[in-house]
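Enquirer: I'd like to ask some things about the structure below.
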Amino acid sequence: MSRIEGTARTRALAAELKDLREQAGLTTRAAAARVGFSSAGLNRSELGKRLPSLEEVGALLAVYSVVGKKRARILELTRAANTPGWWESGEKRPLQLQLPALITFESQATRIVNFGPLLIPGLLQAHNYIRAVMDYARIPEADAEARIATRVRRQTVLTKGRGPSYLAIVDEAALRRPIGGSLVMADQIRKLIEMSELPNVTIRAIPFRRGGYLPVGGFSLLNFSKATPIVFLDQGSAGAFLHKPDDTSRYQSSTDTMLKIALSADESVDFLARMATDHDRARSSFSGS
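Using UniProt numbering, the first residue of the sequence shown is number 1, and each one after it goes up by one.
Following this line, the structure appears as structure tokens:
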């Protein structure tokens, strides 16, 4: 069976159209009949093997009762679906346009690799740590609450039945920096230890003493059973999906390199426990001063 190799936008659009049809309670045959084109064509569109026209997508969204900002976002996704790469920048655009796709890809992935050079990867963040990150980013309270809720819902992908194999590579810098203070960090690191007990979750830490490595920013590498890999780069106010083999293989190579210098899974848990203790001591020292 051939693997799906469309652009990240094409694959995101395909998955979203399928989800919307299912939420509307329609079969492909029923949905296709309502908009006047073949069920085979709709099936291919939902598999990412055919790019539907803007008119077709607009008709489907009407049948699925999708309106307002969500409709506008999906139509914009359709217009740019064949564009190589997927870069978005600006304070809100990555969140508005790419987060639904990231959530979809995470739910479809069979394996996810997250690298956290400065922050704990989002799928492992504790509630108070997420809030602290939002505070540092100066996200307005109303927006922050929505983002926190969304991130917490995303994390259920790791605990659902038949969840993906998940590997987090975390640099010591992300464990040392007291985001939200020492109490928040101690609790966050203990959450990492707790998550590492799940059968599908592995956490590998890279201590400073292991030396340097080629610097790369935080990334998510997503592998699928019937589709080619995708990499997501999260740079705060900018985000990017990469789907070309030359790009995704580069991040797989980076993963392999970092695993050679990272602690083993068991050593990483011991290291995390020491990091949590260090934050506890820092909090006690600060409270007693």
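Glycine included, C-beta positions come from ideal geometry on N, C-alpha and C.
#1: To the nearest angstrom, how far is it from the Cα of L75 to the Cα of E56?
#2: With H, G and I counted as helix, E and B as strand and the rest as coil, what does DSSP make of F115?
#3: Using only CA atoms, which one of S182, R210 and R209 lies nearest to R281?
#4: Kindly provide the ranges of any alpha helix (DSSP H) runs that are 4 or more residues long and lie completely inside the region 70-111, ordered along the chain.
#5: So who's on the other strand from D234, going by DSSP bridges?
#6: What are the boundary residues of the beta strand (DSSP E) that T202 is part of?
#7: Under DSSP, the alpha helix (DSSP H) around L13 begins and ends at which residues?
#8: Give me, in chain order, the residues of the same chain whose beta-carbon lies closer than 7 Å to that of A273; leave out the 5 immediate sequence neighbours on both sides.
#9: Would you call V201 buried or exposed, if buried means 16 or more other Cβ atoms sit within 10 Å of its Cβ?
#10: If you draw a straight line from the alpha carbon of residue 300 to that of S196, how long is it in whole angstroms?
#11: Nearest-angstrom Cα distance between R138 and R250?
#12: Considering only the alpha carbon of each residue, which of F224, F115 and G163 lies closest to S253?
#13: Compute the Euclidean distance between the alpha carbons of S2 and A227, then round it to the nearest angstrom.
#14: In three-state terms, what does DSSP make of I120?
#15: Taking only beta-carbon positions, decide if R250 is within less than 8 Å of chain C.
#16: Under 7 Å Cβ to Cβ from V269, same chain only, skipping five residues before and after it: list those, please.
#17: Output needed for S264: all residues of its chain with C-beta closer than 8 Å, excluding positions within five of it in sequence on either side, in chain order.
#18: Rounding to the nearest angstrom, what Cα-Cα distance links N82 and L97 in this structure?
#19: Considering just the uninterrupted stretch of the beta strand (DSSP E) at A168, what are its terminal residues?
#20: Within the continuous beta strand (DSSP E) that includes S249, where are the two ends?
#21: Evaluate Y64 with the Cβ neighbour count: other Cβ atoms within 10 Å of its Cβ, from every protein chain shown; 16 or more gives buried, anything less gives exposed.
#22: DSSP three-state label for L198, please.
#23: CA-CA distance, R210 and A31?
#24: If I'm right that M275 touches I189 with Cβ under 8 Å, what's the distance once you round it to whole angstroms?
#25: Per DSSP, what kind of secondary structure is F224 in: helix, strand or coil?
Expert: So, to answer that:
#1: If you number the sequence shown from 1, residue 75 lands on position 75. If you number the sequence shown from 1, residue 56 lands on position 56. Their Cα atoms are separated by approximately 10 Å.
#2: By one-based count along the sequence shown, residue 115 stands at place 115. Residue state, collapsed to three classes: strand.
#3: For the purposes of this step, residue 281 is taken as the residue at position 281 of the sequence shown. Residue S182 is the option with its Cα nearest to R281.
#4: 99-108
#5: Mapped onto the sequence shown, residue 234 falls at position 234. D234 is bridged to G239.
#6: Translated into positions along the sequence shown, residue 202 becomes position 202. It spans V201 to I206 - the beta strand (DSSP E) in which T202 sits, taken as one unbroken run.
#7: Position 13 of the sequence shown, counted from the start, is the residue given in the question as residue 13. Per DSSP, L13 belongs to the alpha helix (DSSP H) from A8 to Q23.
#8: As a first step, residue 273 must be located in the sequence shown, where it is residue number 273. I193.
#9: Your numbering for residue 201 matches position 201 in the sequence shown. Looking at its Cβ environment, which holds 16 or more other Cβ atoms inside 10 Å, V201 is buried.
#10: Because the chain spans 1 through 289 in this model, residue 300 falls outside it and cannot be assessed.
#11: Taking the first residue of the sequence shown as position 1, residue 138 is located at position 138. Taking the first residue of the sequence shown as position 1, residue 250 is located at position 250. The alpha-carbon atoms of R138 and R250 are separated by roughly 33 Å.
#12: Translated into positions along the sequence shown, residue 253 becomes position 253. Per the Cα distances, F115.
#13: For this step, residue 2 is matched to residue 2 along the sequence shown. For this step, residue 227 is matched to residue 227 along the sequence shown. Confidence in S2 is poor, its pLDDT being 45 and thus under 50, which makes the residue's placement too unreliable to answer from.
#14: What you label residue 120 is simply residue 120 of the sequence shown in a count that begins at 1. In the structure shown, I120 sits in coil (DSSP, three-state: anything other than H, G, I, E or B).
#15: This model lacks chain C altogether; it includes just one protein chain.
#16: Taking the first residue of the sequence shown as 1, we reach residue 269 at position 269. The residues are I193 and S196.
#17: Here residue 264 refers to the residue found at position 264 of the sequence shown. Here the set comprises R204.
#18: Walking along the sequence shown from the start, residue 82 turns up at place 82. Walking along the sequence shown from the start, residue 97 turns up at place 97. Those two C-alpha atoms are separated by around 16 Å.
#19: By one-based count along the sequence shown, residue 168 stands at place 168. Segment S165 to D171, the beta strand (DSSP E) holding A168.
#20: For this step, residue 249 is matched to residue 249 along the sequence shown. Taken as a continuous stretch (DSSP letters only), S249 belongs to no beta strand (DSSP E), being part of the alpha helix (DSSP H) at P245 to I261.
#21: Stepping through the sequence shown from its first residue, residue 64 is reached at position 64. Classification of Y64: buried, given that the 10 Å Cβ count is 16 or more.
#22: Residue 198 sits at position 198 when you count from the first residue of the sequence shown. Coil.
#23: Position 210 of the sequence shown, counting from 1, holds the residue named residue 210. Position 31 of the sequence shown, counting from 1, holds the residue named residue 31. C-alpha separation (whole angstroms): 56 Å.
#24: By 1-based counting over the sequence shown, the position of residue 275 is 275. By 1-based counting over the sequence shown, the position of residue 189 is 189. Right, their Cβ atoms sit about 5 Å apart.
#25: Against the sequence shown, residue 224 aligns to sequence position 224. If DSSP states are grouped into helix, strand and coil, F224 belongs with coil.
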